[in-house]
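A short write-up of the structure that comes next.
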Amino acid sequence: MPKLKSNRGAAKRFARTGGGHFKRAQSFHNHILTKKASKRKRQLRGTTLVHESDERAIRRLLPV
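Residues 643 to 706 (the numbering used here) make up the sequence shown, in order.
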């Protein structure tokens, strides 16, 4: 059986955690930052976990 290829776009956006979940960056933190409050921009810096309803799709994109 051939090796499974991971989706390279997804590989750059998601990382697997030790517990088997996936972490991701927050959206809305790339451009048009002048109108966003400092508190909002600061809170968008961190990472969060992918919602459990989306994990199956991410797992199919990143098979290993």
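Idealized CB from N, CA, C, for every residue including glycine. Predicted, not measured: the structure shown is a model, and the values here were computed from it.
- Shown here for residue 700: same chain residues with a beta carbon closer than 6 Å to its own, the five before and five after excluded, namely 656, 664 and 692 in chain order.
- Under DSSP, residue 665 takes part in a beta bridge, and its partners are 657 and 691.
- About 32 Å separates the Cβ atoms of residue 670 and residue 646, ruling out a contact at the 8 Å cut-off.
- In this structure, the straight-line span from the alpha carbon of residue 684 to that of residue 648 is close to 32 Å.
- DSSP places residue 680 inside the alpha helix (DSSP H), whose first and last residues are 680–686.
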